[in-house]
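K.L.:
Position 501 of the sequence shown, counted from 1, bears residue number 499 in the working numbering, the numbering being contiguous throughout.
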Amino acid sequence: MLVAQLAYLQIVYGGKFQAEVDRTDKTVMTGNVPRGMIYDSKGRLLVGNSTSNAITYTKSGSVKSSDIYTIASRLTKYMTVETTDLTDRDKADYILAAPNKSAQVVKQMPKSDRLDANGDALSNTKIYANEVKYLEKQGIHLDDKDLQRATLFKKMSAAYSLSTVFLKDKNLTDKEIAEVSEHLTELPGISIGSNWDREYPQGKSIASIIGGVSTEQQGIPDDEINSMLAAGYSRNDRVGTSYLEKNYESILSGTKSQRQVQVGSNNQIKKSTVLYKGQKGGNLNLTIDSKFQKMVQDDLNAEYSSAKAAGITQYSDGAYAVVTNPKTGAVLAMAGIHNDPKTGETSEDALGVINRTFVMGSAVKGATVLGALMDGVITPENNTQNDDPIYLPGSPVKKSVYPAGTFGSLGAVQALQFSSNIYMMNLAMKEGHAKYVPNTSMVMDPNIFSTLRGYFSQFGLGVKTGIDISGETKGIEGSTTTSDGKLKTGSALDLSYGNYDAYTLIEMAQYISTIANGGYRLKPYVVQSIQKTKDDGTKGAYTSVTKPSVLNKIDANQDDLDVVRKGMYAAVHGSGYWTTATKLADLTPAVAAKTGTAQSFYYDPDNPSSDPPETITTSLVSFGPYDDPNVAMAIVFPNLTSENGSYPNILAHQIYTDYYKITGQK
């Protein structure tokens, strides 16, 4: 009867069973493509890819740990790997994957590690956990070859089903490639491929702006897993993690290749067919000229070194500069230095231009004057005011840097030329309908802060500029009332001349550009265009070109703007001892500028003090040529111990000299 039944099964169902053995499933697998390049405004390669050979592993569905153990053991005959980051658990997993090893360990374990209190077998998960603990308790000792096998086993086991991981892509020798290639038939899932790393042919002077890319081990950031998986990414994909690399991830990453694989009943890949070879990542062309960028960074380094040599950087946290085209919003250069006051060590920090805030001082007075003109408390024809100090109870006298009585009265142009704090405070008092009697409490409209800040925001001060780099912060507003709810009238006056709220340097650049271009607040940007990549790796067709984007036009006419522009021109070319920016007077073509000095304090987060050291923050905004501006800049040297040295002015002069030279202007 048994023989008859076997014959029946073989004859009737033999074909079906054989078909099941030979069954294959078709699955589509995706593969990464080379990441897009980043070029400067002159076509110089800023960020590229250095390609290297790699040994890869593609994990088939439901492959057994013992199979991975066998492959890893065979691989170490032909290649070596670094043995780092192996935990005791990793080592235990490797040991237990050896054929019959797990069963041997289970037999050696105490019954309490295999059975519960009722004598029933524990779950497989609990038993395995006890196996690991047993091995760890016994002590795990692996020789160098086993450590290499364990490293490979860990990488291969961590791969997701039908995903590819890199087993070795650094320092891979020709001999290793040849020997692995020769034995691929005995190494299921192993292939010879390639990997890439970002490289910076022009140096890393703006690497902080460009941002970073995750490693294969890091994969997708935790806070973006769901959205990126939904977009077709794999967990171990290398993606942009910050700034331009992150902002333009969908462009730079390209489109993955697709392969259709046939997986047999033994879960091994039997056939692979390319369905789509993928599209290489698109290329970014920046607005920044890397040559000019280096000049600006070098100029900044030189001036900051001078400040250090003068012994006034004890509490300084760095210095920053940004140059833009006021007609378009294009960023031409971004440079920064971060200084550690405790160690004196410096590092490049271009991103500080968009994510650090400082009280800028008088450099913002152009916005104050234009706000008053828009408010109607002065006009282009009638803007003269007395220049008498202001006395408030419980507060030091509020005056300008020059001695009281230097000027009996000033017009708006002169007030900008000589940087009169008194003039700006008088404007705020008029806008706030202040009732002022010297040495008595002053009453102002409760909305004075929102009035002043409303005008400032039209220029971009205190609001995000919208620059196409992730991580931008906005200015910080000081409080408007005291602890008992009273209006801080004195602080409102401080706000008027730039000694209260803090702004980022990119906000300052947007503000001065708005004055330079006739009142249009433009969105700053660093990506000028995007191009496809051809099959040979060269740049292809344009997919987009950035056009100037007007965020708003300030509510001022040309006559109002001319008042401020003339005041900033006079600050450079005017006569008189208290003229503030005369170091720029010899530039050709001529420029306009406004300097700033603010009282600040050094805050040590490791040692907070109720009486922090006082410091000085010096700044400058400028545009040129005066008659037809095509360059604007903002500079800040925060937290110096002295305002002597005119570092922003000297730096601005050098930047203009470099810019005029590189653009051929005379």
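From the three backbone atoms N, C-alpha and C, an ideal C-beta is built for every residue, glycine too.
#1: Quick one: grab the DSSP three-state call for R72.
#2: Suppose you measure from the CA of T478 to the CA of Y389; what does that come to, to the nearest Å?
#3: My assumption, with CB atoms under 8 Å, is that G187 sits in contact with I69. Please give the rounded CB distance.
#4: Who does E346 pair with in a DSSP beta bridge?
#5: For a quick check, are the C-beta atoms of R563 and I513 less than 9 Å apart?
#6: Locate the alpha helix (DSSP H) running through Y654, then write down its first and last residues.
#7: Take T655 and list the residues in its own chain whose beta-carbon comes closer than 8 Å to its own, dropping the five residues that flank it on each side.
#8: Can the beta-carbon of K396 be found closer than 9 Å to that of L491?
#9: Are F457 and L330 touching if we call contact CB-CB under 9 Å?
#10: With distances taken Cα to Cα, identify the nearest neighbour of I286 among K168, N323, E301.
#11: Who does G238 pair with in a DSSP beta bridge?
#12: Going by DSSP, what residue range makes up the alpha helix (DSSP H) through L491?
#13: Are the Cβ atoms of Y453 and D373 separated by less than 9 Å?
#14: Return the chain-ordered ranges of every alpha helix (DSSP H) run that is complete within the stretch 55 to 135 and spans a minimum of 4 residues.
#15: Assuming T123 and Y55 make a contact with CB atoms under 8 Å, what is their CB distance in whole Å?
#16: Applying the criterion that 16 or more other CB atoms from any shown protein chain within 10 Å of the CB defines a buried residue, is Y645 buried or exposed?
#17: Please determine if the stretch 568 to 586 and the stretch 532 to 545 are in contact, where contact requires at least 3 C-beta pairs separated by less than 8 Å.
#18: Less than 8 Å separating the Cβ of D195 from some heavy atom of the ligand GDP?
#19: Return the chain-ordered ranges of every beta strand (DSSP E) run that is complete within the stretch 161 to 231 and spans a minimum of 3 residues.
#20: Secondary structure at V19, three-state DSSP: helix, strand or coil?
#21: Can you name, in chain order, every residue of its own chain whose Cβ lies under 7 Å from the Cβ of P391, other than the five neighbours on each side?
#22: Assign R42 to one of two classes, buried (16 or more other C-beta atoms within 10 Å of its C-beta) or exposed (fewer than that).
#23: Around the C-beta of M(-1), are 16 or more other C-beta atoms found within 10 angstroms, so that it is buried, or is it exposed?
#24: For N381, collect the residues of the same chain with a Cβ closer than 6 Å to its Cβ; drop the 5 residues on either side in sequence, then sort them by chain order.
#25: With a cut-off of 8 Å on the beta carbons, I'd call L84 and T149 a contact; round off their distance for me.
#26: How big is the Cα-Cα spacing for S100 and T78?
#27: To which residues of the same chain is N337 closer than 6 Å at the C-beta, ignoring the five residues directly before and after it?
#28: When you compare only the Cα positions, how much space is there between I420 and N47?
#29: Using beta-carbon positions only, say whether A650 and Y624 come within less than 9 Å of one another.
#30: Is A359 helix, strand or coil by DSSP?
#31: Compare the C-alpha of V570 against each of P611, G209, L227, N647 and name the closest.
#32: Could you pull the start and end residues of the alpha helix (DSSP H) that S248 belongs to?
#33: So Q597 and A328 are supposed to be a Cβ contact under 8 Å. How far apart are they, rounded?
#34: Tell me where the alpha helix (DSSP H) around R519 begins and ends.
P.N.:
Taking the coordinates as given:
#1: Walking along the sequence shown from the start, residue 72 turns up at place 74. Note: R72 maps to helix in three-state DSSP.
#2: Within the sequence shown, residue 478 is the residue found at index 480, counting from 1. Within the sequence shown, residue 389 is the residue found at index 391, counting from 1. So the alpha carbons of these two residues sit roughly 20 Å apart.
#3: Residue numbering aside, residue 187 sits at position 189 when the sequence shown is read from its first letter. Residue numbering aside, residue 69 sits at position 71 when the sequence shown is read from its first letter. Going by Cβ atoms, the distance from G187 to I69 rounds to 7 Å, so yes, they are a contact pair.
#4: On the sequence shown, position 348 is the one that residue 346 refers to. Looking at the DSSP assignment, E346 forms a beta bridge with I335.
#5: The residue labelled residue 563 in the question sits at position 565 within the sequence shown. The residue labelled residue 513 in the question sits at position 515 within the sequence shown. Yes, Cβ-Cβ distance for R563 and I513 is below 9 Å.
#6: For the purposes of this step, residue 654 is taken as the residue at position 656 of the sequence shown. Taken as a continuous stretch (DSSP letters only), the alpha helix (DSSP H) holding Y654 covers 645 to 661.
#7: Taking the first residue of the sequence shown as 1, we reach residue 655 at position 657. The residues are L585.
#8: Start at 1 with the first residue of the sequence shown, and residue 396 comes out as number 398. Start at 1 with the first residue of the sequence shown, and residue 491 comes out as number 493. Closer than 9 Å, so yes.
#9: Walking along the sequence shown from the start, residue 457 turns up at place 459. Walking along the sequence shown from the start, residue 330 turns up at place 332. No, Cβ-Cβ distance for F457 and L330 is not below 9 Å.
#10: In the sequence shown, the residue the question calls residue 286 occupies position 288. Closest by alpha carbon: N323.
#11: For the purposes of this step, residue 238 is taken as the residue at position 240 of the sequence shown. V211.
#12: Locating residue 491 in the sequence shown gives position 493, where the first residue counts as 1. Taken as a continuous stretch (DSSP letters only), the alpha helix (DSSP H) holding L491 covers 487 to 494.
#13: Within the sequence shown, residue 453 is the residue found at index 455, counting from 1. Within the sequence shown, residue 373 is the residue found at index 375, counting from 1. Yes, they are a contact pair.
#14: 63 to 73, 86 to 94, 99 to 106
#15: Mapped onto the sequence shown, residue 123 falls at position 125. Mapped onto the sequence shown, residue 55 falls at position 57. The pair is not a contact, with the Cβ atoms about 26 Å apart (cut-off 8 Å).
#16: Start at 1 with the first residue of the sequence shown, and residue 645 comes out as number 647. It counts as buried.
#17: no
#18: The model on display carries no ligand, and the ligand GDP is accordingly not part of it.
#19: 162 to 166, 188 to 197
#20: Here the question's residue 19 lines up with position 21 in the sequence shown. Interpretation of V19 is limited by its pLDDT of 49, a score under 50 that renders its predicted location unreliable; no figure is taken from the coordinates.
#21: What you label residue 391 is simply residue 393 of the sequence shown in a count that begins at 1. Cβ neighbours of P391 beyond the five flanking positions: N437, T438, S439.
#22: Taking the sequence shown and counting its residues from 1, one reaches residue 42 at position 44. The residue is exposed, with fewer than 16 neighbouring Cβ atoms inside 10 Å.
#23: Locating residue -1 in the sequence shown gives position 1, where the first residue counts as 1. Exposed is the call here.
#24: Taking the sequence shown and counting its residues from 1, one reaches residue 381 at position 383. So the list reads G409, A410, once near-sequence residues are dropped.
#25: Translated into positions along the sequence shown, residue 84 becomes position 86. Translated into positions along the sequence shown, residue 149 becomes position 151. So it is a contact: roughly 6 Å between Cβ atoms.
#26: Translated into positions along the sequence shown, residue 100 becomes position 102. Translated into positions along the sequence shown, residue 78 becomes position 80. In a straight line, the C-alpha of S100 is about 26 Å away from that of T78.
#27: Locating residue 337 in the sequence shown gives position 339, counting from the first residue. If we look at N337 and ignore the five residues flanking it on each side, its Cβ neighbours are S314, D315, G316, T344.
#28: The sequence position of residue 420 within the sequence shown is 422, counting from 1. The sequence position of residue 47 within the sequence shown is 49, counting from 1. The straight-line gap from Cα to Cα measures roughly 57 Å.
#29: Here residue 650 refers to the residue found at position 652 of the sequence shown. Here residue 624 refers to the residue found at position 626 of the sequence shown. Against a cut-off of 9 Å, the Cβ pair of Y624 and A650 comes out as no contact.
#30: Within the sequence shown, residue 359 is the residue found at index 361, counting from 1. Correcting the residue type first, residue 359 is Gly in the shown sequence and not Ala. It is helical.
#31: Stepping through the sequence shown from its first residue, residue 570 is reached at position 572. The shortest C-alpha separation from V570 is found at N647.
#32: For the purposes of this step, residue 248 is identified with residue 250 of the sequence shown, where counting begins at 1. 247 to 250 is the span of the alpha helix (DSSP H), which, as asked, contains S248.
#33: Translated into positions along the sequence shown, residue 597 becomes position 599. Translated into positions along the sequence shown, residue 328 becomes position 330. Taking the Cβ atoms as the reference, Q597 lies roughly 34 Å from A328, outside the contact range of under 8 Å.
#34: If you number the sequence shown from 1, residue 519 lands on position 521. Run containing R519: none in the alpha helix (DSSP H); it sits in the beta strand (DSSP E), 518 to 520.
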